[in-house]
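Visitor: Residue 487 in UniProt numbering sits at position 487 of the sequence shown, with consecutive numbering throughout. Supplied in structure tokens, the structure appears directly below.
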Amino acid sequence: MIEIYANKLDQDVLREYRVTAETTVEQWLIDNVKGYERREVPPMSVAINGCLTNPESWPEAKFGADERVQIWVEPKGTDPISITIAAVKGLQAVMKLITPRVKLPKTGTQKQGNSLSGGNAKANQVRYGDPVRELFGEDEIFPDYIVEPRRVFKGPRDEWQYMMLCVTRGECQINPSDIKIGNTPLIALGSNATYRVYGPGEDLSAEPAAQWWYQAPEVGVTATGTSGIDLKTTTTVPQAPTAQAYQFNGDLITIPAGAGSFPAGWAIGMIIRIEVLYQYMVTAGGGAGGRDVISGPLAQLGAFPGMQIEVVGANSGLYIVNDYTPPAGGDPAHMTLNTTSGAPVSGLLSGIGWAGIGYAGLRYRITATNTSQISVDRLTHSGATDADWPGYDFIESNSALLKLDNSNLEGDWAGPYALCPPAEKTTKISFTVMFPSGLAGVTQKGVIVPWSVTYEFQFRDMAAAGAWTSYVETITQSTLDQVGFTREVSTGTAIRPEGRMRRIGAKSTETNILDNVQWYDVRALLPSPASYPWTTIAISAAGSGKLSSQSENKVSVVATRKLPILVDGAWTADNRVTRDIAPAFNYIAKAPGYEAADIDLDELIAFDNICKARGDKFDLSADSLMTVKEGLNTALAAGFAEFTISRGRLRPVRDQKRDGFDSEYFPAGTQGYSAQNMLGPLKISFKSPDPAMDHDGVDVEYKDRRTRQTETVKCRLPGQLGLKAEKVQAVGISDRDRAYRLGMRRASEARYRRWSYSFETELDGNNSDYLGLAGVSDDTPGRGQSALMLKYTTVAGAIILESSEPFIWADGVGHTVGIRRLDGTLSGPWPATRVNEYHLSIPAIDFVPDTSWSREPPHLLFGPVSRECHRVLVSKVSPKGSESVSVQGFNYDERVYLYDDSSAPA
1 MIEIYANKLD
11 QDVLREYRVT
21 AETTVEQWLI
31 DNVKGYERRE
41 VPPMSVAING
51 CLTNPESWPE
61 AKFGADERVQ
71 IWVEPKGTDP
81 ISITIAAVKG
91 LQAVMKLITP
101 RVKLPKTGTQ
111 KQGNSLSGGN
121 AKANQVRYGD
131 PVRELFGEDE
141 IFPDYIVEPR
151 RVFKGPRDEW
161 QYMMLCVTRG
171 ECQINPSDIK
181 IGNTPLIALG
191 SNATYRVYGP
201 GEDLSAEPAA
211 QWWYQAPEVG
221 VTATGTSGID
231 LKTTTTVPQA
241 PTAQAYQFNG
251 DLITIPAGAG
261 SFPAGWAIGM
271 IIRIEVLYQY
281 MVTAGGGAGG
291 RDVISGPLAQ
301 LGAFPGMQIE
311 VVGANSGLYI
321 VNDYTPPAGG
331 DPAHMTLNTT
341 SGAPVSGLLS
351 GIGWAGIGYA
361 GLRYRITATN
371 TSQISVDRLT
381 HSGATDADWP
391 GYDFIESNSA
401 LLKLDNSNLE
411 GDWAGPYALC
421 PPAEKTTKIS
431 FTVMFPSGLA
441 GVTQKGVIVP
451 WSVTYEFQFR
461 DMAAAGAWTS
471 YVETITQSTL
481 DQVGFTREVS
491 TGTAIRPEGR
501 MRRIGAKSTE
511 TNILDNVQWY
521 DVRALLPSPA
531 SYPWTTIAIS
541 AAGSGKLSSQ
551 SENKVSVVAT
561 RKLPILVDGA
571 WTADNRVTRD
581 IAPAFNYIAK
591 APGYEAADID
601 LDELIAFDNI
611 CKARGDKFDL
621 SADSLMTVKE
631 GLNTALAAGF
641 AEFTISRGRL
651 RPVRDQKRDG
661 FDSEYFPAGT
671 QGYSAQNMLG
681 PLKISFKSPD
691 PAMDHDGVDV
701 EYKDRRTRQT
711 ETVKCRLPGQ
721 LGLKAEKVQA
731 VGISDRDRAY
741 RLGMRRASEA
751 RYRRWSYSFE
761 TELDGNNSDY
771 LGLAGVSDDT
781 PGRGQSALML
791 KYTTVAGAII
801 LESSEPFIWA
811 DGVGHTVGIR
821 RLDGTLSGPW
831 PATRVNEYHL
841 SIPAIDFVPD
851 TSWSREPPHL
861 LFGPVSRECH
871 RVLVSKVSPK
881 GSESVSVQGF
891 NYDERVYLYD
901 DSSAPA
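Here it is, written out as structure tokens:
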């Protein structure tokens, strides 16, 4: 079976031919296509069983009766080649039948995309596998992520987000004030946000936001609502002894018999925290600078000026020794203190109290151990062994606290996780640890003091599964605010790494210590393109309190497309900012490979001039697939036009008022059809109004250019209440008045275009283009009649026409006559004056009729004024075999265009 298609845009089969014997492509074309000849670029494409064939192979490319052969006609300019017996005129006439309504394009957006202002369209998205957005005119766009956005802590409280976003294919103009985060212009954020717009092909190698930092999905926000994975501690060693009393003497700590025991798991080298209280005296204001004086068993402390100490019990807190006086002459040792910031300490609870005093941290390392006794070394605040420590003064205590220090405990590993996708490798890893509640200690007096947490990150090559490489860091802060730390490590060679993390030291159980740490993210740097063939924008914005999380993915721009435009009848060599419809039509047409010769430039220029004069624009950002035909119709609909192929070239056809067509004269190109060139009767049908089924108004939804929101304008003809309004979308229209005009046009067509016409001709019907004007005579009594012009004679001040049929004159009304030229167009209508039954006179004629009968003579369409023929807009012309053409159309009514320049009601 051979299937002939008018073009690749129209999927309807034009003609079918059965194959009875095996043949080649070229032989079939020679046998069936008049004037076929070999060409380097033939005006057609041929596929056998779905596979396109090379024209060079057509002499040998065979097919049989059971195979499917598809032939698409691809004429160039006015190429005269004929495909099958329908010839090129059949192609010129192939047009889609439409209902007599303004065409609202059936675009891919309407089928499967977002609404004009859908909720998910108001945010930046990752759109894997979707087409790149195509902008025409001006629109508000929420650009799509090209690479994953990355969060980085430049400082503990300074979190920034880097985004690389795709705006549109091609070039566009973006003004700085039209770049927003949320509803706030980016430039209003000052130093808290930066941007740069990159044109197609521009180098991005130095742009941090363009780097592809792949984030391992296992690390991040958890199901429990935390920002990252909590780094926890697990241990099987008891944290504290089960004892009711202790004896302290020098470096020995003993549990009396029957009072308990030390844990069996406690071993040499472990670090413990010891809080044992002695009795001290505090004298208010007795020291230098009004400082309070602490006296008591301080010799065991080994105090010295500048020593960083911690006090538990009475007057607990962290301090720095200001001065120290050893015991002498029966007077106890005493000292004064400063705060950690250097201020004199006063206002302590005076009198006798119980307190434990030692180096900050109160940490001791076990040097020997058994179940009843341990010996210890004291550690300084930095963790070094204090070789000068004299040991504890002897004391028995049932209130002392001993427990393993957090630094003995190793956290449970989080991970390992794969840090790269399969088949990818990296040389750099980035990770972030966060302290969601801050990192600090708080004294009983509310003073915030530093606190430290140590963590370890390890990575290795997944393929080799060898030894781990470690990165260990201790972070010290004194803040109750959320803080984060981003670190980068190099892997040396390119590997697909796996990584894991743990904390070293347990989370404190004290309510005055905030040291919760989370693994916030981990990323691997992957190769990324140095440029993109689209307009892109790089954004860096401060987070962590500078912007809400809801707005960080709401970056929007108002962009205007740059395309070649028509200037003095020619396309500019450069791209220019434009919202016009014609440049969009030209761009869409050329995108699949059509060339300038394939576009009817004269018609496009005429259409462009009309749209510019009216101010019609096309504003649309399309982000879903559509065919070229859908794209062309979408653009043209904003100017009341449609796309068609005529004489082998793409052209816009605008449905518009034809001045004088109702009564005064036939506009140029009006075709004439009558009984003289019809093969059968003219069929006329009328659709009666049906209140139960017909809409009584139109509601048009459009995206308003001022508000950037979807708005609705109500369109009502006189007498319509809108109880059953038709709801339509004005795609690409961003102005309220123009949306109203479209709705009123659609409502007017529904009311006034109710007559349909169909008839057959020989090949005459091929002269009509889509939405072309036609004067159609049906010889209905009281309307008009048709005849052949047998002769014409020029007399003084008049032209005498002789008819093949007698003229029927109505009393009391004027009459006109239209004359069909050889090319099918109508001349006139001319005022007619009766001469006799077969003759009439007209004042003038604008062509020389040929009545020699060597050619078909002119046709006469005669009747009362404005009733000599039906005014018809042709909607479809279809070949029927090799000798006839079917023509369909609907009535022309000027009332359809009554609101084309109206403004929407307030």
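In this text, a Cβ means the ideal position worked out from N, Cα and C, and glycines have one as well. On a predicted model such as this, the values are computed, not experimentally measured, just so you know.
(1) Skipping 5 residues on each side, what residues in its chain have a beta carbon closer than 7 Å to that of I605?
(2) Tell me the residue span of the alpha helix (DSSP H) that contains S341.
(3) Is V874 buried or exposed, if buried means 16 or more other CB atoms sit within 10 Å of its CB?
(4) Roughly how many whole angstroms lie between the Cα atoms of K507 and T560?
(5) Take K617 as the anchor and find which of Y17, R736 and E595 has the nearest alpha-carbon.
(6) Measuring only the C-alpha atoms, how far is V489 from Q458?
(7) What does DSSP give as the partner residue(s) for F890 in the beta ladder?
(8) Can you check the segment 581-610 for any beta strand (DSSP E) of at least 3 residues that lies completely inside it and give the ranges in chain order?
(9) Mind the definition here: the segment 855-871 touches the segment 717-731 only if three or more C-beta pairs lie below 8 Å; say whether that holds.
(10) In the DSSP assignment, the alpha helix (DSSP H) including I30 goes from what residue to what residue?
(11) From T24 to G64, what distance separates their C-alpha atoms?
(12) I need the DSSP call for A368, collapsed to helix, strand or coil.
(13) Rounded C-beta distance between A725 and A739? I'm assuming under 8 Å.
(14) Enumerate in chain order the residues of its own chain whose CB-to-CB distance from A591 is below 6 Å, with the five nearest sequence positions on each side excluded.
(15) I'd like to confirm the pairing. Which residues does DSSP put opposite W213 in its beta bridges?
(16) If you scan the segment 237-291 from start to end, which runs of the beta strand (DSSP E) of 3 or more residues do you find wholly inside it?
(17) Does the contact criterion of 3 or more C-beta pairs under 8 Å hold for the segment 421-439 versus the segment 254-264?
(18) Classify G330 as buried or exposed, calling it buried when 16 or more other Cβ atoms lie within 10 Å of its own Cβ.
(19) Contact between the segment 524-542 and the segment 206-217: three or more CB pairs below 8 Å?
(20) Could you have a look at T634 and say whether DSSP puts it in helix, strand or coil?
(21) Tell me whether the beta-carbon of V472 lies closer than 8 Å to the beta-carbon of F435.
(22) On the premise that Y392 lies in contact with G250, defined as a C-beta separation below 8 Å, what is that separation, rounded to the nearest angstrom?
(23) Using a Cβ-based criterion (distance less than 7 Å to any ligand heavy atom), does R706 qualify as near the ligand FMN?
(24) Going by the beta-carbon positions, is the gap between T493 and T427 smaller than 8 Å?
(25) Does M693 pass the burial test, meaning 16 or more other C-beta atoms within 10 Å, or should it be called exposed?
(26) Less than 8 Å between the C-beta atoms of E16 and I2, yes or no?
(27) Excluding the 5 residues preceding and the 5 following K403 in the sequence, name in chain order all residues of the same chain whose CB lies nearer than 7 Å to its CB.
(28) If you draw a straight line from the alpha carbon of L362 to that of R500, how long is it in whole angstroms?
(29) Would the segment 610-626 and the segment 664-674 be scored as touching if the rule is three or more Cβ pairs under 8 Å?
(30) Apart from the five residues just before and just after I684, which ones in its own chain have a Cβ nearer than 8 Å to its Cβ?
(31) Which class does P652 belong to by DSSP, given the choice of helix, strand or coil?
(32) Measuring alpha carbon to alpha carbon, tell me which of S470, K154 and I141 ends up nearest I174.
(33) How about E760 and L679: are their beta carbons less than 8 Å apart?
(34) Is it buried or exposed, G593, if we count other Cβ atoms within 10 angstroms and call 16 or more buried?
(35) Express the C-alpha separation of S430 and T474 in angstroms, rounding to a whole number.
(36) Grab the span of the beta strand (DSSP E) containing R502 for me, first residue to last.
Guide: In short:
(1) L566 and G569
(2) Careful: S341 lies outside any alpha helix (DSSP H) and carries neither H nor E.
(3) buried
(4) 55 Å
(5) R736
(6) 10 Å
(7) S756 and L873
(8) none
(9) no
(10) V25 to N32
(11) 9 Å
(12) strand
(13) Not quite, the Cβ-Cβ distance comes to about 14 Å (not below 8 Å), so this is no contact.
(14) none
(15) L525
(16) 246-250, 252-254, 271-275 and 278-283
(17) no
(18) exposed
(19) yes
(20) helix
(21) no
(22) 6 Å
(23) You won't find the ligand FMN in this model; it holds no ligand whatsoever.
(24) yes
(25) exposed
(26) yes
(27) Q239, A240, I272 and R273
(28) 32 Å
(29) no
(30) W755, S756, Y757, D778 and H870
(31) strand
(32) I141
(33) yes
(34) exposed
(35) 17 Å
(36) P497 to I504
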